[in-house]
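Residue numbers (the working numbering), protein chains in the order written: chain A, 1 to 386; chain B, 1 to 251; chain C, 1 to 293. Note sheet for the following structure.
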Amino acid sequence: MSGENSIEIVDVTKRFGSFTAVDNVSLSIKRGEFFSLLGPSGCGKTTLLRMIAGFEQPEVGQLILNGDDITRLPPNERKVNTIFQSYALFPHMTLWDNIAYGLKIARRSSREIKSEVEKMLSLIQMEDHAYKKPDQISGGQKQRVAIARALINKPQVLLLDEPLAALDLKLRQRMLIELDNIHDEVGITFIYVTHDQGEAMSLSDRIAVMNKGRIEQIGKPGEIYEAPRSSFVAAFIGDTNFFEGTVAEAIDDDYNRTRVDGLGDVICFNDKNIQLNAPIHLSIRPEKFRISRDQPEAQPKHNVLSGVVEDIVYLGSHTRYWVRTGDYRISINQQHGRFLLDERPIKWKDHVFVWWHADDGFMLEQYSESDEQLMTLPDAPATTVS
Amino acid sequence: MFTTVLVLLFFYIPILLLVLNSFNAARFGGQWEGFTLDWYVRLFNDGPIWTALRNTLIIAVSSTLVSMVLGTLAAFALHRYNTRLQRIHYTLIYTPLVVPDILMGMSLLLFFVAAGLQLGLTTIFLAHVSFCISYVAMVVLARLQDFDFSVIEASQDLGAGWWDTTWRVLLPMLAPGIAAGGLLAFTLSIDDFVITFFVSGPGSTTLPIRIYSMMKHSRNMPIINALSTLLLVVTFIAVWSSQRLTREKRT
Amino acid sequence: MNHLAAKRKSLTEWLVTTPSFVWLIIFFVLPTITIFAIAFRPTNIDGGIGGGWTLDTWRSLANPNYPVIVWRTLRLSVATTFICLAFAVPCGYFMARVRDSWRQTLLLLVVVPFWTNFLVRVFAWRELLHPEGWLKQGLVFLGLASPDAQLLYNEYAVLLVLIYTHLPFAILPVYAAAEKFDFRLMEAARDLGAGALRAFWNVFIPGISRGLLTAFLVVFIPALGSYVIPDIMGGPSGEMIGNKIAQRTFSDRNWPHASGLSALLTLAVLGPMVVVLMLQGRKQPSPGGEKKT
């Protein structure tokens, strides 16, 4: 049954006092997969990782590693290893001793330890630094030593707890590629915890988006971005515009008309079979809009609005516009396909038309009050004006 | 700046004059009557002083070792757990630091007598451990504040049980802090007069008690100068070498 | 399982807490309670502690001798504390602002007297102030003192040495706080129009208030319990409560009486301690480390 699954998490719940950190989570991760747990801080992703490592005990539920129940095993008896956010290198040992630690604990012969450590040092290209102490090397190098120290034990799963959070942007991008290469090379399961959607998107085979101790959605990076299953996912992954409304009328099996308060009626793709008169949120990503001063030709399944440009931010590869229409401020990304200076650019206070294809909007159940704060965090000024 | 220089002069002038006087032939320090090592010769021939020194060292070494163990455990408990028990524990550790010596000496004296204990080296040892625990605990606790506990988890994660983790990671990393605490405890034990004075009995004279009784009764004050000078030299060497040690570790 | 883990965790806590906890209960808390208990016991003729309970000791504390000594003890302790703080603040400020290499040296220079035997430091002053000592001779030579002026055995000699021995304890916490102080705040205050002195007073002093509180605690409370310094420097006209306790214990062998005085001193010490701990507690909710050295 667990033939191709590396880790199975079955109905796991963890509480700290009255706070539920992980709430009835079930999850299967395939062997060799690069799997990310993505979510804002406090969503339970780190707690879940720490339970897999054995630092926390679940109240309820089971953890299965390659078919064996490891729920009750202490961390030192699990064939999983962790890359800590702070790297947690032993400051009083040389890099060599740090990497050798796991093998020394396992009482391997010194000859074997020597050859394994040298292999690891060459994998991370740190042969010249073997006898330095951790405080004598850079953040990126510490990161690599931490990886070597974990991998030398040949773990079945490698757990990474926000491993790039302490690095600067340039280094982070380089380590991203390095992590990807190491994963390809060793071929074991990686479970990667992060709050950075960019990291998760670029590295992962699959992502689980977590919120308040629950998993909101599991899927490939593209699925999660293009077809978010909840308002939370839509808002947390990338930017989006939310419109509040109710389903007014079904057009056919796939489409319906939705009444958006303070804006009017729009055509929506209804993939979730939402009932008539149900309150919904309509999510449309900024890059799905088209914007122009000239009225577009009428096309089926298109929605067209008109409004006034309130803000423009030029961002090099694209420009972001905020357009006031009805009660809404819509944020729009326009990619620059052609040499921009040749065009007659849209200016502040211009009257413009904004349109999108009905398939590019997503109807989602209405989010709860407490989600709202999270969703307005990224620069999404598309909030209603009351 | 001016104040600092003034304060440092204030600190050191009395000590320097004391050292100077230990080589002064005059019995009272006001005049220079020529250089002499006479006081040092007399010091070396003073048997009771050497007995007192031996007692002092026995007490200092034993109470330092015991308080290092107890203080380190206490610091670990205070840092690791955040329970009501630890809040009481913290008050217990903190209070002896500020309670005046005389109260501690007086209360221990009455307690030992009430408990029927013979006053002597044992009671001095018990008393010294009691005030050294707090100092060791505070020094180790301060080191623990910047201790990254994820290394403990890293060690477990890499397969080590609590025994390996304690001996290979926790203790080596805390060693400088524990040593600093121990050094402080050792100095305080050697230095203590008031508490020792209260709980000492016949035959358990320590160096500070001997110095005190010489100050009160002896006619040979300059012997104390000579002894003080020797103590100063030992202190300076100890402080200087411990500074050297920690500095080498840092680079 | 979770139960078991929680149990194991509390067992570990219990294991590492018990040794120091029990030790301090036995050798610190119980003795303190003993003091209060014995203060209610009658005196035996031979100096021991009699049976039964009595308020005799507490009545005898009304002896007109005591208010004078209590008042002197308070006066000297308060004076010591304020003079120490007055010197410690500029020293701490200066040490926190000098270059790093200098800072280490200065710190060492402040700590070394603290590592020097306490009795030796007191004795050094006794030598200086002695009728035949350097200071006395010097002052007479400069015509600042008459040959028969008595520098030793008075309150001022006690105060001087109290300051001398406690000043390092005041400088260290003030320096520790000043070192963590963000001096850009002073520049901000100057930028907003405050004078140098005003910036110092309005920004720096509140910024190091934690250090000042600690300094107050570690100077004032030990000063209250001083015994050796008044004994050696003060003579009868410089006696403090500590001397009375020792005198009742050793010379008179009146232990209930000594206990009564100790109990009184304990109460006097607890007052400021509770106040300061509460003030500190308000600033720092968790019991963090208070480094004393």
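Don't be surprised by glycine CBs; every beta carbon is placed ideally from N, CA and C.
- The beta carbons of A180(B) and V139(B) sit closer together than 8 Å.
- Under the three-state reduction of DSSP, G61(A) is assigned to strand.
- With 16 or more other Cβ atoms from the protein chains shown falling within 10 Å of its own Cβ, N98(A) counts as buried.
- Take the alpha-carbon of D128(A) and the one of L95(A): they are about 10 Å apart.
- S101(C) and E59(A) have their C-alpha atoms spaced approximately 54 Å apart.
- Within the segment 202-274 of chain C, complete beta strand (DSSP E) segments of at least 3 residues are not found at all.
- Of the residues Y175(C), G207(C) and A170(C), the one whose Cα lies closest to the Cα of R184(C) is G207(C).
- With respect to chain A, the C-beta atom of A238(B) has no partner C-beta closer than 8 Å.
- In the three-state DSSP reduction, S306(A) falls in the strand class (E or B).
- A distance below 6 Å between beta-carbons, with the five flanking residues on each side excluded, links P208(B) to the following residues of its chain, in chain order: F193.
- The closest CA to that of T165(C), considering only V111(C), E187(C), H130(C) and K136(C), is found on V111(C).
- In the structure shown, D360(A) adopts helical secondary structure according to DSSP, grouped into three states.
- Between the C-alpha atoms of D261(A) and V247(A) there is a straight-line separation of about 11 Å.
- A direct Cα-to-Cα measurement between D350(A) and T319(A) gives close to 15 Å.
- For the 8 Å CB-CB criterion, V209(A) and T189(A) do not form a contact.
- At least 8 Å separates the beta-carbon of I205(C) from that of C84(C).
- Under the Cβ criterion of 8 Å, N21(B) is counted among the residues facing chain C.
- Here L110(B) is near W255(C), since their CB atoms are less than 8 Å apart.
- Per DSSP, the beta-bridge partners of C268(A) are N256(A).
- Neighbours of S130(B) in chain C, taken as residues whose beta carbon is under 8 Å from its own, are W23, L24, F27 and F28 in chain order.
- Note that the C-beta distance between Y225(A) and R149(A) is not below 8 Å.
- Note on M106(B): 16 or more other CB atoms within 10 angstroms of its CB, so buried under the neighbour-count rule.
- Residues are counted here when their Cβ sits less than 8 Å from a Cβ of chain A; for the segment 120-148 of chain B these are D148, given in chain order.
- Residue contact with chain B for R72(A): absent (no Cβ-Cβ distance below 8 Å to any residue of chain B).
- Using beta-carbon distances, S86(A) counts as an interface residue toward chain B, with a partner under 8 Å.
- Relative to L158(B), the option among N181(A), E178(A), L167(A) and F55(A) whose CA is nearest is F55(A).
- Taken in chain order, the complete alpha helix (DSSP H) segments of 4 or more residues contained in the segment 175-249 of chain A are 197-203, 221-226 and 231-236.
- Within chain A, the C-beta atoms nearer than 7 Å to that of G161(B) come from N76, in chain order.
- Counting the other Cβ atoms within 10 Å of the Cβ of H336(A) gives fewer than 16, which makes it exposed.
- By the criterion of at least three beta-carbon pairs nearer than 8 Å, the segment 212-220 of chain C is in contact with the segment 166-175 of chain C.
- In this structure, the beta-carbon distance from V10(A) to I52(A) does not fall below 8 Å.
- The beta carbon of S150(B) sits closer than 8 Å to some beta carbon of chain A.
- Separation of the CB atoms of G225(C) and L103(B) is rounded to 6 Å, and the pair is thereby assigned contact status at 8 Å.
- By the Cβ-count criterion, I177(A) is exposed, with fewer than 16 other Cβ atoms from all chains shown falling within 10 Å of its own Cβ.
- Secondary structure remark: continuous alpha helix (DSSP H) runs of at least 4 residues inside the segment 67-105 of chain B, in chain order: 84-98.
- Look at the beta carbons and you see the segment 107-126 of chain A not touching the segment 209-217 of chain B: under three pairs across the two are nearer than 8 Å.
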